[in-house]
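Engineer: According to my numbering, the residues represented by the sequence shown are 125 to 563, in order. We put the CB at the ideal spot given by N, CA and C, even for glycine. Note that the coordinates shown come from a computational prediction; the quantities given were computed from them, not determined experimentally. Okay, handing you the structure first.
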Amino acid sequence: MEKNEELLARRDRAVAHGVARLNDLVVESGSGAALVDAAGREVIDFAGGIGTVNAGHCPPLVVAAIQEQAQKLLHTCFHVATYEPYVALCEELVRRFPHGPETRAMLVNSGAEAVENAVKIARLATGRPAVLCFTEAFHGRTLLGLTLTSKVGYKKGAGPFAPEVYRLPYPNHYRYNDGLSLERFVARELERLEDAFVNTVPAERLAAIIIEVIQGEGGFVTAPPAYLRGLRRICDEQGIVLILDEVQSGFCRTGRWASYEHFGITPDVSTWAKSLASGLPLAAVVGRAHLMDAPAPGQLGGTYGGNPVACAAALATIRTLDELDLCARAQVIGERMLARFRALQERCPLVGDVRGLGAMCAMELVHDGNPHHPATAAVKEVIRGALQRGLLLISAGSYSNIIRVLAPLVITDGELERGLDILEDEVLRVTGASSPALA
Ligand SMILES: Cc1ncc(COP(=O)(O)O)c(C=O)c1O
Numbered sequence: 125m126e127k128n129e130e131l132l133a134r135r136d137r138a139v140a141h142g143v144a145r146l147n148d149l150v151v152e153s154g155s156g157a158a159l160v161d162a163a164g165r166e167v168i169d170f171a172g173g174i175g176t177v178n179a180g181h182c183p184p185l186v187v188a189a190i191q192e193q194a195q196k197l198l199h200t201c202f203h204v205a206t207y208e209p210y211v212a213l214c215e216e217l218v219r220r221f222p223h224g225p226e227t228r229a230m231l232v233n234s235g236a237e238a239v240e241n242a243v244k245i246a247r248l249a250t251g252r253p254a255v256l257c258f259t260e261a262f263h264g265r266t267l268l269g270l271t272l273t274s275k276v277g278y279k280k281g282a283g284p285f286a287p288e289v290y291r292l293p294y295p296n297h298y299r300y301n302d303g304l305s306l307e308r309f310v311a312r313e314l315e316r317l318e319d320a321f322v323n324t325v326p327a328e329r330l331a332a333i334i335i336e337v338i339q340g341e342g343g344f345v346t347a348p349p350a351y352l353r354g355l356r357r358i359c360d361e362q363g364i365v366l367i368l369d370e371v372q373s374g375f376c377r378t379g380r381w382a383s384y385e386h387f388g389i390t391p392d393v394s395t396w397a398k399s400l401a402s403g404l405p406l407a408a409v410v411g412r413a414h415l416m417d418a419p420a421p422g423q424l425g426g427t428y429g430g431n432p433v434a435c436a437a438a439l440a441t442i443r444t445l446d447e448l449d450l451c452a453r454a455q456v457i458g459e460r461m462l463a464r465f466r467a468l469q470e471r472c473p474l475v476g477d478v479r480g481l482g483a484m485c486a487m488e489l490v491h492d493g494n495p496h497h498p499a500t501a502a503v504k505e506v507i508r509g510a511l512q513r514g515l516l517l518i519s520a521g522s523y524s525n526i527i528r529v530l531a532p533l534v535i536t537d538g539e540l541e542r543g544l545d546i547l548e549d550e551v552l553r554v555t556g557a558s559s560p561a562l563a
């Protein structure tokens, strides 16, 4: 523990405080779904590097591929000389994620950069300036990424933000239903979108609409399938590029390679990162060829994007996800988690909603069963208590009142049950002690 405290003190002195520190955990190693801290204590990881280690910590195939590639070639810059791992990864991405008759991909370093490039491509392809996004969205921390991101806490004082960005409420039926059935709610939200073309921004000015099929930082809310289909239709009618941000939801997390595959829609352009390369900095933009080829040579790319080691890691990650059939495993994990969460909800009035897609599962803690009364302090206390007992958890949502689970998909049944036991105990403990201090 002393070693941990010493490193945290060094961190406080040397690292800018704006880089978030969610807890006191200091890690030295990781394997599968377990982390080991500086004191040698094992922690079950339900945070999964915020969705980055779907294939587990240090997956053997990935580690071997990194070692092998590092001995051969670290860098040329892909603009300067072509190397095979970049091309092989793009071939893999366009084969797995066809976006139309012909699909192309490009590689960058982070989710935010993928989003920046997706919007740039949409603007260059359509000749239009505007972008529409949603409340509770998270698309990164670069200037445009932050502009598209909703939560004010990330943005306060960091403007002026990028122009020509418009926002509508995310179709979150739990939070914004106003007593409407799902069907009537979807009809109202699609009308709201078409009204926006009259009252907010003309459709012919919109280059793109960007949306997360299941919101990550927003709290694992899935847009209703009928809304997504309506969005697809409206984008087609208006010539608007539909960008689906799969940065957190992609690569088997939801039980499919892409979360949109659950809903029978295909984006024009999509963004990928996180579990693409098991933690090495790599992200991708995939899209219909006529859109992706609109930028002139030199308008896309960068020094490091798609470096050979990260590409080798991604190719080995994809092999690992395939060989271990981790999409199927995500379904099993998700069903187990949701069953446990639902049973907990029966016993615990603070658990207002339980939801998920595959192994992207969350529970929202609210007071009085009211989605507008977030139980933020209770979630903070659950997370603190769980870590003391060897379970790493993180929150989500504008009010940080949602517990989300992104456990590596290689988690064993034993680790999963042990983690769920701790989570359940902690929610019950905090609820039992539901004093005003935790409200
Ligand atoms: C949906 C989504 N888009 C974009 C990003 C930004 O990715 P990065 O942190 O790699 O820039 C994130 C990060 O959490 C995300 O969840």
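1. For Asn528, I'd like the list of residues in its chain whose CB is within less than 6 Å of its CB, leaving aside the five on either flank, ordered along the chain.
2. In angstroms, rounded to a whole number, what distance separates the CA positions of Asn178 and Val322?
3. Report yes if the C-beta of Ser383 is less than 6 Å from at least one heavy atom of ligand 1; otherwise report no.
4. Should the segment 389–400 be regarded as contacting the segment 343–361, the criterion being three or more beta carbon pairs within less than 8 Å?
5. Does the distance between the C-beta of Ala246 and the nearest non-hydrogen atom of ligand 1 fall short of 6 Å?
6. Just tell me which of Pro532, Gln195, Pro295 has its CA closest to the CA of Pro349.
7. Would the beta-carbon of Val433 be found less than 6 Å away from any heavy atom of ligand 1?
8. Using the three-state DSSP reduction, which class does Ala561 fall into: helix, strand or coil?
9. Cβ of Asp169 within 7 Å of Cβ of Leu185?
10. State yes or no: is the C-beta of Val371 nearer than 6 Å to some heavy atom of ligand 1?
11. Helix, strand or coil: which one does DSSP assign to Glu288?
12. Taking Thr444 as the reference, which of Gly180, Val490, Ala327, Ala246 has the closest Cα?
13. In or out: Cys201 buried (at least 16 other Cβ within 10 Å) or exposed?
14. Distance check for Ala397 and Gly238, CA to CA, integer angstroms please.
15. Quick one: what's Ile245 bridged to in DSSP?
16. In three-state terms, what does DSSP make of Ser519?
17. Taking a contact to mean a Cβ-Cβ separation below 7 Å, would you say Ala407 touches Val232 in this structure?
18. Could you check if Asn147 is buried or exposed, using at least 16 other CB atoms within 10 Å of its CB as the buried criterion?
19. Classify Ala69: buried if its beta carbon has 16 or more other beta carbons within 10 angstroms, exposed otherwise.
20. Buried or exposed for His199, please, with buried defined as at least 16 other CB atoms from any protein chain shown within 10 angstroms of its CB.
21. Within 10 angstroms of its Cβ, does Arg453 collect 16 or more other Cβ (buried), or is it exposed?
22. I want to check one thing, is the minimum distance from the CB of Ala332 to the heavy atoms of ligand 1 below 6 Å?
23. Taking just the CA atoms, how far does Ile338 sit from Ser383?
24. If you drop the 5 nearest sequence neighbours on each side, which residues of the same chain put their C-beta closer than 8 Å to that of Ala189?
25. Have a look at the DSSP bridge pairing and note the partners of Ile389.
Structural biologist: In brief:
1. One-based indexing of the sequence shown puts residue 528 at position 404. Checking the sequence, you will find Arg at residue 528 rather than Asn. Closer than 6 Å at Cβ, skipping near neighbours: Phe344, Ala486, Ala520.
2. Start at 1 with the first residue of the sequence shown, and residue 178 comes out as number 54. Start at 1 with the first residue of the sequence shown, and residue 322 comes out as number 198. Between Asn178 and Val322, the C-alpha separation is close to 42 Å.
3. Here the question's residue 383 lines up with position 259 in the sequence shown. Flag unset: Cβ of Ser383 not near ligand 1.
4. yes
5. Locating residue 246 in the sequence shown gives position 122, counting from the first residue. Checking the Cβ of Ala246 against ligand 1 gives no.
6. What you label residue 349 is simply residue 225 of the sequence shown in a count that begins at 1. Answer by Cα proximity: Pro295.
7. For the purposes of this step, residue 433 is taken as the residue at position 309 of the sequence shown. No.
8. The count along the sequence shown starts at 1 and reaches residue 561 at position 437. Note that Ala561 scores 45 on pLDDT, short of 50, meaning its location in the model is unreliable and no value can be drawn from it.
9. Residue mapping note: residue 169 aligns to position 45 of the sequence shown, counting from 1. Residue mapping note: residue 185 aligns to position 61 of the sequence shown, counting from 1. No, the Cβ-Cβ distance between Asp169 and Leu185 is not below 7 Å.
10. Residue numbering aside, residue 371 sits at position 247 when the sequence shown is read from its first letter. Val371 Cβ: within cutoff of ligand 1.
11. Here the question's residue 288 lines up with position 164 in the sequence shown. If DSSP states are grouped into helix, strand and coil, Glu288 belongs with coil.
12. Looking up residue 444 in the sequence shown gives position 320. Residue Gly180 is the option with its Cα nearest to Thr444.
13. Taking the sequence shown and counting its residues from 1, the one referred to as residue 201 is at position 77. Answer is exposed; the Cβ neighbour count stays below 16.
14. As a working note, residue 238 is residue 114 in the sequence shown. As a working note, residue 397 is residue 273 in the sequence shown. According to the sequence shown, residue 238 is Ala rather than Gly. In a straight line, the C-alpha of Ala238 is about 8 Å away from that of Ala397.
15. In the sequence shown, the residue the question calls residue 245 occupies position 121. Answer is none; Ile245 lacks a bridge partner.
16. Along the sequence shown, one-based indexing puts residue 519 at 395. Ser519 falls in the strand class under three-state DSSP.
17. Taking the first residue of the sequence shown as 1, we reach residue 407 at position 283. Taking the first residue of the sequence shown as 1, we reach residue 232 at position 108. The answer is yes: Cβ separation under 7 Å.
18. As a first step, residue 147 is located in the sequence shown; it is residue number 23 there, counting from the start. Classification for Asn147: exposed.
19. Outside the displayed range of the chain (125 to 563) lies residue 69, so it cannot be described from this structure.
20. Translated into the one-based positions of the sequence shown, residue 199 becomes position 75. When all chains shown are included, His199 counts as exposed.
21. Along the sequence shown, one-based indexing puts residue 453 at 329. Classification for Arg453: buried.
22. By one-based count along the sequence shown, residue 332 stands at place 208. Ala332 Cβ: outside cutoff for every heavy atom of ligand 1.
23. Along the sequence shown, read from residue 1 onward, the residue named residue 383 stands at position 259. Along the sequence shown, read from residue 1 onward, the residue named residue 338 stands at position 214. Between Ser383 and Ile338, the C-alpha separation is close to 7 Å.
24. As a first step, residue 189 must be located in the sequence shown, where it is residue number 65. Excluding sequence neighbours, Ala189 sits near Ala436, Ala437, Leu439, Ala440.
25. Within the sequence shown, residue 389 is the residue found at index 265, counting from 1. None, per the DSSP bridge assignment.
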